[in-house]
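**Student:** Using this note's numbering, the first residue of the sequence shown is number 12, and each one after it goes up by one.
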Amino acid sequence: MLGFKIILYLNNSLLLLSFVLGIMKLKRLNNKEKWYVYYIIFLFMIELMNKLFIFLELKSMPFLYPVYIAGEFFILTSLYAKKLGLTQYGFIPLSAVAGIFLISAPSLGFTIDNDYAKVISNIIIVCLSGYALVQEIKGSEAANRFLLVDACIFFYYSVSVFTFIVQHQLAALSQQNASLIWGINNLLSSVVYGALIYKFLRLKK
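(1) Are the CB atoms of residue 169 and residue 137 nearer to each other than 9 Å?
(2) Can you name the start and end residues of the alpha helix (DSSP H) that residue 90 belongs to?
(3) Fully enclosed by the stretch 24-49, which alpha helix (DSSP H) runs are 4 residues long or longer?
(4) Within 9 Å of any Cβ in chain D, is that where the Cβ of residue 192 sits?
(5) Can you give me the C-alpha to C-alpha distance between residue 147 and residue 67, rounded to a whole angstrom?
(6) Within its chain, find whatever has a CB closer than 8 Å to the CB of residue 208; leave out the 5 residues flanking it on each side and keep chain order.
(7) For residue 214, is the classification buried or exposed, using 16 other Cβ atoms within 10 angstroms of its Cβ as the cut-off for buried?
(8) DSSP three-state call for residue 145: helix, strand or coil?
(9) Using a Cβ-Cβ cutoff of less than 6 Å, which residues in the same chain neighbour residue 56 once the five nearest sequence positions on both sides are dropped?
(10) What three-state label does DSSP hand residue 156 in the structure shown?
(11) Looking at C-alpha atoms only, which residue of 144, 65, 36 is the closest neighbour of residue 92?
(12) Going by beta carbon distance, what residues of the same chain come within less than 8 Å of residue 204, once the five residues before and after it are set aside?
(13) What is the DSSP secondary structure of residue 205, counted as helix, strand or coil?
(14) Contact defined as beta carbons within less than 8 Å: I believe residue 80 pairs with residue 129. What is the distance between those atoms, to the nearest angstrom?
(15) So, for residue 14: in the same chain, excluding its five sequence neighbours on each side, which residues have a beta-carbon less than 7 Å away from its beta-carbon?
(16) Is it true that the CB of residue 132 sits closer than 9 Å to the CB of residue 58?
(17) For residue 211, which residues in the same chain have their Cβ closer than 8 Å to its Cβ, ignoring the five residues on either side in sequence?
(18) Short of 7 Å in beta carbon distance, which residues of its chain neighbour residue 200, apart from the five on each side in sequence? Order them along the chain.
(19) Could you check which residue in 63, 40, 17 has the C-alpha nearest to that of residue 157?
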């Protein structure tokens, strides 16, 4: 449990730092790269709301999780759709899927314990980010300043697909094993935040 708490504190600290740096460096980014900042801002706001609800001892938060799934899906798929040069019409199905996650998730039982929506969302993100990553590797380093970040995002969401697939089995696991699985997930997301921090700090004026 101590290791899990340490990783969680590290994760939250890196998220906060990447949020601050992203806001500071926003003007130095092109239109495509700004979506990385939107991604961090969204995750920070979701985490802030979650912490606020816990502080206020509001245990029932059924609306927050669908918002998280839909928002994360829309931002990341929009980011890679722009990188892949999709037309505006390409955003229509992405927006539709995000809307389905947001509206249908509560009624279809997509909750933290029955997370088919999160698995589907992550698989689509993995496919888009993986294809974009392959295209970026073929290009020049100067044109793909966030190649490292894209690689970390691809790796994190690939592993998290497995994490959420076995999520319904966590109740049958010991607290130590469950904490280990979620600790690994938080550690991998910390790698994404760390990669973003590294890139933000290296941006030239």
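We put the CB at the ideal spot given by N, CA and C, even for glycine.
**Tutor:** Concretely, from the data shown:
(1) With respect to the 9 Å criterion, residue 169 and residue 137 are classified as neighbours on the basis of their beta carbons.
(2) Its alpha helix (DSSP H) spans residues 75-94.
(3) Listed in chain order, there is nothing to give.
(4) Absent from the structure: chain D. Only one protein chain is present.
(5) C-alpha of residue 147 to C-alpha of residue 67: approximately 45 Å in a straight line.
(6) Answer for residue 208: 25, 28, 29, 32, listed in chain order.
(7) Exposed, since its Cβ has fewer than 16 Cβ neighbours within 10 Å.
(8) In the structure shown, residue 145 falls within a helical segment according to DSSP collapsed to helix, strand and coil.
(9) Excluding sequence positions up to five before and after residue 56, its CB lies less than 6 Å from no other CB in the same chain.
(10) Three-state DSSP puts residue 156 in coil, outside helix and strand.
(11) That would be 144, whose Cα lies nearest to the Cα of residue 92.
(12) Excluding sequence neighbours, residue 204 sits near 22, 25, 26, 28, 29, 51.
(13) Assignment of residue 205 by DSSP, reduced to helix, strand and coil, places it in the helix class.
(14) Indeed, because the Cβ distance is near 6 Å, the residues count as touching under 8 Å.
(15) Excluding residues within five positions, the ones whose Cβ falls inside 7 Å are 194.
(16) No, the Cβ-Cβ distance between residue 58 and residue 132 is not below 9 Å.
(17) In chain order, 29, 32, 33, 35, 36 place their CB closer than 8 Å to the CB of residue 211, counting only its own chain and leaving out the 5 sequence neighbours on each side.
(18) Taking C-beta separations shorter than 7 Å and ignoring five residues to either side along the sequence, the partners of residue 200 in its chain run 22, 167, following chain order.
(19) Residue 40 is the option with its Cα nearest to residue 157.
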